[in-house]
Amino acid sequence: MKITRIFSSLSYSDESFNIRVIIRVLCMLLRGSWLSVFTLNRVTFPVFSSKNVRVIGPYNKFIAGKFLKIESNVIIQTESINGIRIGNSCTIGSGTSIRPSGFYGGDRGEGLVIGDRSAIGVNSYIGCSGFIEIGDDVIIGPHFTIISENHNYSDRQIKIKDQGVKRERIKIENNVWIGCNVTVLAGVNIGNGSVIAAGSVVTKSFPPNSLIGGVPAKLIKQI
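Numbers in my numbering are just positions in the sequence shown, counted from 1, shifted up by 14.
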């Protein structure tokens, strides 16, 4: 029955429909994935999700590409200014949370865009109160944290949580590899083809083809 639903959901006029697509669909079924279906721009195609995946908020704010794979226990909050857009053939690892609003409420966040063929490692946290853009072919290891806002704390007479936040956009360009346990903070731009070593805390921007590492992260060398 699942197989029937999958192939009935594919558009035969789509040039990408070929034997490799069929093989990929069957392989994902054999791994035990559960099937959901999203309709985008009058074309319906499968999104594979495991158990306990929660999409919270308006569905029209969540735009999913072809053959998106969402692993178990993922939470995606969609209520945001620009929505949550995830490209074709991406993977969101188990236990990941995508949250465009802060823990203490406040205004709607700006949202997230992830390009094609990118993967987010397990148990990651994407805090996209400020707009976050992740490019194509980006590999991100487990326990990744990216947060696009900072708390204001300069006034000693007011509790920090009551002083508001400053949002700053983050951009990770194409073909970037990010190791496990990396944290990327607000206002950072990571150039094309860069590599970030495991355990790094990235607090500033780096040009394309940079090998980055440390706490705070520094340029190790140009690749």
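Every residue, glycine too, gets a C-beta built ideally from N, C-alpha and C.
Computed from a predicted structure; not experimentally measured.
Check: Just to confirm my understanding: we take Phe81, look at its own chain, exclude 5 residues before and 5 after, and list those with CB closer than 6 Å. What are they?; Outcome: Ser103
Check: Quickly, what does DSSP pair Tyr73 with across the bridge? List them, please.; Outcome: BP columns for Tyr73 are empty, so no partner.
Check: Count the other CB atoms, across all protein chains shown, that sit within 10 Å of the CB of Ala229; report buried if there are 16 or more and exposed otherwise.; Outcome: The amino acid at residue 229 is misidentified as Ala; the sequence shows Val. The residue in question, Val229, is exposed, as its Cβ has fewer than 16 Cβ neighbours within 10 Å.
Check: Could you spell out where the beta strand (DSSP E) holding Val127 opens and where it closes?; Outcome: 126-128
Check: When the Cα atoms are used, what is the spatial distance from Lys210 to Val88?; Outcome: Residue identity differs from the one stated: residue 210 is Ile in this sequence, not Lys. Between Ile210 and Val88, the C-alpha separation is close to 24 Å.
Check: What number of angstroms, rounded off, separates the C-alpha of Pro222 from the C-alpha of Ser208?; Outcome: 6 Å
Check: Put Ile148 into one of helix, strand or coil per three-state DSSP.; Outcome: strand
Check: List the endpoints of the continuous beta strand (DSSP E) containing Lys218.; Outcome: Counting along the chain, Lys218 falls outside any beta strand (DSSP E), and DSSP gives it neither H nor E.
Check: Which complete beta strand (DSSP E) runs does the region 131-192 hold, if anything under 3 residues is left out?; Outcome: 139-141, 146-148, 159-161, 163-165, 179-181, 184-186
Check: Ignore the nearest five residues each way along the sequence and tell me which others in Gly97's own chain have a CB closer than 7 Å to its CB.; Outcome: Lys75, Phe76, Ile77, Gly125
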